[in-house]
Every structure is written in C-alpha cells, then in structure tokens.
Amino acid sequence: MTNRIAFVLAALVVLLIVVDLAIFAGAGSLFLARKLSELIEWLAFWR
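Taking the working numbering, the leading residue of the sequence shown gets 15, the next gets one more, and so forth.
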C-alpha cells in the first residue's frame, strides 16, 4: 500500500466519522463500537 492510498483511506474514514457525528449524532459509531465489543468478547471466549 502506498502512502497516497493510506492517506486517502484515512481521510475517508475521518470524513465518514464526521458525517456520522454531524448528521446521525454518532449512532453509527456507537453501533460499530458495540458490535466491536461483542466481537472482542466472543473472541475472548475462544481463547
């Protein structure tokens, strides 16, 4: 992965987070955080 692609992907992620916070009051970020927490808990079970 080149630096240019990495910067574009990082900018896209930041843009999507800003849009989520501005339009949807962070509901999408909260949903993803909860699902990530569930995934980590599920993976810890299989450890």
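All C-beta atoms, glycine included, are put in the ideal place defined by N, C-alpha and C.
For this session: Give the single residue among Leu30, Leu53 and Glu52 whose Cα lies nearest to the Cα of serine 43.
Result: Position 29 of the sequence shown, counted from the first residue, corresponds to residue 43. By alpha-carbon distance to serine 43, the top candidate from Leu30, Leu53 and Glu52 is Leu30.
Exercise. At what residues does the alpha helix (DSSP H) containing arginine 48 begin and finish?
Worked result: For the purposes of this step, residue 48 is taken as residue 34 along the sequence shown, with counting starting at 1. If you look at arginine 48, you'll find it in the alpha helix (DSSP H) that goes 41–59.
For this session: Using the Cα positions of phenylalanine 45 and aspartate 34, report the straight-line distance between them to the nearest angstrom.
Result: Start at 1 with the first residue of the sequence shown, and residue 45 comes out as number 31. Start at 1 with the first residue of the sequence shown, and residue 34 comes out as number 20. Between phenylalanine 45 and aspartate 34, the C-alpha separation is close to 11 Å.
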